[in-house]
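Numbering of the sequence shown is given in the numbering used here, commencing with residue 1439 and proceeding in unit increments. For every residue, glycine included, the Cβ atom is placed at its ideal position computed from N, Cα and C. Since we're looking at a predicted model, the values are computed, not measured.
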Amino acid sequence: MRPLITGPKLATDEYIYSRGKASRDAAEERIESLICEGEISPAEKPRAARYTLADGVTARWAIVLTDTALSPYV
C-alpha cells in the first residue's frame, strides 16, 4: 500500500479498520455489509473518513471504528 500523506482525522479512541475505497458511497455500503455479516458492530460507531495518497491528488476513503473498550477512559 502507498503511504498516506494526510490521513483521516481520528480521535484518540478511533482506529482505521479498512482503507482504499474509491468513494464515500462504496465505503458506506461496505460498512453496511460488514454489519450485516457480523464482522463489526454498530456499537463501534463505524464511519467513512477521507484521506489523500502520497501523490497529493488521489483521494480514498477509509472505514474508521471506535475502540469501545477504550472510550470510557478517554
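Just how far apart, CA to CA, sit T1490 and S1471? 24 angstroms
Who are the Cβ neighbours of R1457 in its own chain at under 6 angstroms, not counting the five residues just before and after it? A1500
Compute the Euclidean distance between the alpha carbons of E1467 and V1502, then round it to the nearest angstrom. Roughly 14 angstroms separates the two Cα atoms.
Euclidean distance between Cα positions of W1483 and P1446: The displayed chain sequence assigns Lys, not Trp, to residue 1483. Each residue's CA atom was taken as its position, placing K1483 and P1446 some 15 angstroms apart.
Enclosing alpha helix (DSSP H) for E1452 [first to last residue]: First-last for E1452: E1452 to K1459, but that is the beta strand (DSSP E), not the alpha helix (DSSP H).
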